[in-house]
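What follows is one structure encoded as structure tokens, with my remarks underneath.
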Amino acid sequence: MHHGAKAGEIEPRISQLAEWINLPHDDIDAGSYLHPLIKSIALHFCIGFIRPLGSKNGCLARALFYWCMYRHGYDAFRYISLSEMLLKNKSQYWRSFISTEDDHLDLTYFAEHQCEILVQAIADFVGFRVELEKFSPLNSELPFDIPKTSQGRSSSDNDNTKAESEVGLDVEVAEQAKETVPADVDLSTLSDQALSVIELAKSREDSDLTAKLVAEQCSVTEAVARAILNELTDKSLFSRERVKRQYVYSLLDN
1 MHHGAKAGEI EPRISQLAEW INLPHDDIDA GSYLHPLIKS IALHFCIGFI RPLGSKNGCL
61 ARALFYWCMY RHGYDAFRYI SLSEMLLKNK SQYWRSFIST EDDHLDLTYF AEHQCEILVQ
121 AIADFVGFRV ELEKFSPLNS ELPFDIPKTS QGRSSSDNDN TKAESEVGLD VEVAEQAKET
181 VPADVDLSTL SDQALSVIEL AKSREDSDLT AKLVAEQCSV TEAVARAILN ELTDKSLFSR
241 ERVKRQYVYS LLDN
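So the sequence shown is numbered by the UniProt record's numbering: it starts at 1 and just counts up by one.
Rendered as structure tokens:
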């Protein structure tokens, strides 16, 4: 059984891990490139290996895995759960963990198992979505009852109530963005992140943006920020100009 790091080793190891996880590994042409999924899996393993908490280290590891995936633009994982799959494959999970530990921390065993779990979880998610699309309108023709909470309201009602303020903010951002988006651009094709970038440019006296600035202001990586800015440029919402060693993106007056 793995017992984790000794008490005196936890803080320096977590500090080292935090420093590593915040290093840029997004440049596919660089020798340091690391796919975000593998980086997220490595973070998951490290938390399980160090075991900084007295309990619930598994929950912390999965939460940080999701955080790392969101940070790199994989928003679909807000709706894809790994917990159920991991519980169903608990023995294989620990076997992959121990194999990695026994083989000089070769992450291949753990990463391979996690990828298999991800494939299953994504397939289940896609299958569930396909089933939902068979019923219209959604709320009146579902073939099952939405579970009730202890307060007697459906879990979806509670989730909707909790999310109302967030939805309201999204609608407000979208409405404000309409003033900038040309009539021939379908607003529904723009992601929430793209709309946020438009609002960021509008809120600044100087509408010029760089990938680094967007990354800092929108809490995404520079690679994700650059992709968003290039998408907005392709849609003729921004212009792009190379200034010294970086591109500067300017909001166009439409």
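The C-beta atom is built at its ideal place from N, Cα and C for all residues, glycine as well.
Three-state class that DSSP yields for residue i in the structure shown
i: S165; result: Here S165 scores only 41 on pLDDT, less than 50, and its place in the model should not be relied on; the value that follows carries that caveat. Of the three classes helix, strand and coil, the one that applies to S165 here is helix, per DSSP.
i: D253; result: coil
i: D234; result: helix
i: H44; result: helix
i: L82; result: coil
i: S15; result: helix
i: I146; result: Here I146 scores only 43 on pLDDT, less than 50, and its place in the model should not be relied on; the value that follows carries that caveat. Looking at I146 - three-state DSSP - the assignment turns out to be coil, as it is neither helix nor strand.
i: C218; result: helix
i: A5; result: coil
Extent of the continuous beta strand (DSSP E) to which residue i belongs
i: R240; result: 238 to 243
Paired residues, beta bridge with residue i - DSSP
i: Q246; result: V243
i: L209; result: Y249
Pair within 9 Å by beta-carbon distance, residue i and residue j
i: I41; j: A111; result: yes
i: L64; j: L37; result: no
i: A123; j: S81; result: no
i: Q193; j: V220; result: yes
i: S91; j: Y109; result: no
Range covered by the alpha helix (DSSP H) that runs through residue i
i: I122; result: 108 to 132
i: K202; result: 192 to 203
i: P24; result: Unbroken run through P24: none, as it is neither H nor E.
i: K90; result: 90 to 102
i: Y70; result: 57 to 71
Residue nearest to residue i in terms of C-alpha spacing, selected from the options
i: I28; options: V224, T108, S207, L232; result: V224
i: D208; options: E101, S239, A194, G127; result: S239
i: A7; options: L17, P52, S83, F45; result: P52
i: E101; options: I50, Y66, V119; result: I50
i: L105; options: G48, E19, E131, K235; result: G48
Residue-level contact to chain B via CB, residue i, 9 Å cutoff
i: R204; result: Protein chains in the displayed structure number just one, and chain B is not present.
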